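Novice:
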Amino acid sequence: MTILFWILALSCKAPVSSYQNNRVTLVSAEKSAWSGGRPGIRGILYTVALKSENSKDHITVKTFRAEGNTVSFRQIGSGNTASVKGNFQMADETNNFTYPSSGVPAEKPVILNQKDSWIEYTLNDSGKKYRIVIPEFTTVEPEGELIPRRP
Numbered sequence: 003m004t005i006l007f008w009i010l011a012l013s014c015k016a017p018v019s020s021y022q023n024n025r026v027t028l029v030s031a032e033k034s035a036w037s038g039g040r041p042g043i044r045g046i047l048y049t050v051a052l053k054s055e056n057s058k059d060h061i062t063v064k065t066f067r068a069e070g071n072t073v074s075f076r077q078i079g080s081g082n083t084a085s086v087k088g089n090f091q092m093a094d095e096t097n098n099f100t101y102p103s104s105g106v107p108a109e110k111p112v113i114l115n116q117k118d119s120w121i122e123y124t125l126n127d128s129g130k131k132y133r134i135v136i137p138e139f140t141t142v143e144p145e146g147e148l149i150p151r152r153p
C-alpha cells in the first residue's frame, strides 16, 4: 500500500504535456499542401500559433522544424502571441517528366518525419532558448493565396 501511495504522489510531478513549455502554449498547428507556380513544384504551408501565459512576455521564434525538415518561416504578431508561417517546397516526382542530364547527382528524396516537429524560441529577447514540441499538424484546406510568397 505504501508503494502505491508513493507512485501516485510522485506521478503528480510528471512532465507537462508537450503542448506547453516554459509558460508558452501551442495553440494550433496546421498544414496545407499546395502545388503550382512552376510545373513539378509543390510544397506544404505550415501555420503555428503560440501564446504566452504572461501578457508581458515577447515570443521570438528562432528555428522552425516541421516533419523532419528545417523550414524557412516568418513570424507574425507581437507581444505574448505569435503566429509562425513556414513554407517547405519540394519537387513533385509524379508530375515532373523532365529528366536531368547524365552525370547530374540525384536530389535527396524528401522524408517527412511527423515525430520531428518543434519550434525553438526565446522570451523577451533573452539569450536562453526554449523548445516546444509539435505533436502533429492538422491538415486544412488552403485559404487566400495558394502559392506562398517568399518572406
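Take any residue in the sequence shown, count from 1 to its spot, add 2: that is its number in my numbering.
Here a beta-carbon is modelled for each residue, glycine too, at the ideal position from N, C-alpha and C.
Small disclaimer: the values here were computed from a predicted structure and weren't measured.
(1) Tell me the DSSP bridge mates of glutamate 32?
(2) What's the gap between the Cα of isoleucine 136 and the Cα of alanine 31?
(3) Indicate the three-state DSSP secondary structure (helix, strand or coil) for glutamate 69 in the structure shown.
(4) Got a sec, what are the start and stop residues for the beta strand (DSSP E) glutamate 122 sits in?
(5) Can you give me the Cβ contacts of leucine 125 inside the same chain, cut-off strictly under 6 angstroms, excluding the 5 residues immediately before and after it?
(6) What number of angstroms, rounded off, separates the C-alpha of serine 34 from the C-alpha of serine 128?
(7) Does DSSP classify glycine 2 as helix, strand or coil?
(8) When DSSP labels each residue in this structure, what does glycine 79 get in the three-state scheme?
(9) Would you mind working out which of Thr49, Phe90, Lys53, Gly38 sits nearest threonine 62, comparing C-alpha positions?
(10) Return the chain-ordered list of same chain residues with a C-beta closer than 6 angstroms to the C-beta of aspartate 118, the five sequence neighbours on each side being excluded.
(11) Tell me the rounded alpha-carbon separation between glycine 42 and isoleucine 78.
(12) Would valine 50 and valine 86 be called neighbours here (beta carbons separated by less than 7 angstroms)?
(13) Do asparagine 76 and tryptophan 120 have their CB atoms nearer than 7 angstroms?
Specialist: On the basis of the data shown:
(1) BP columns for glutamate 32 point to Thr49, Thr140.
(2) If you take the alpha carbons of isoleucine 136 and alanine 31, they lie about 7 angstroms apart.
(3) coil
(4) 120–125
(5) Asp59
(6) 32 angstroms
(7) Missing from the structure shown is residue 2; the chain here goes from 3 to 153 and no further.
(8) The three-state secondary structure of glycine 79, taken from DSSP, is coil.
(9) Comparing Cα-Cα distances from threonine 62 to each of Thr49, Phe90, Lys53, Gly38, the minimum goes to Lys53.
(10) Gly70
(11) 30 angstroms
(12) Valine 50 is a Cβ neighbour of valine 86, given a cutoff of 7 angstroms.
(13) A small correction: the amino acid at residue 76 is arginine; asparagine does not occupy that position in the sequence shown. In this structure, tryptophan 120 does not lie closer than 7 angstroms to arginine 76 by Cβ.
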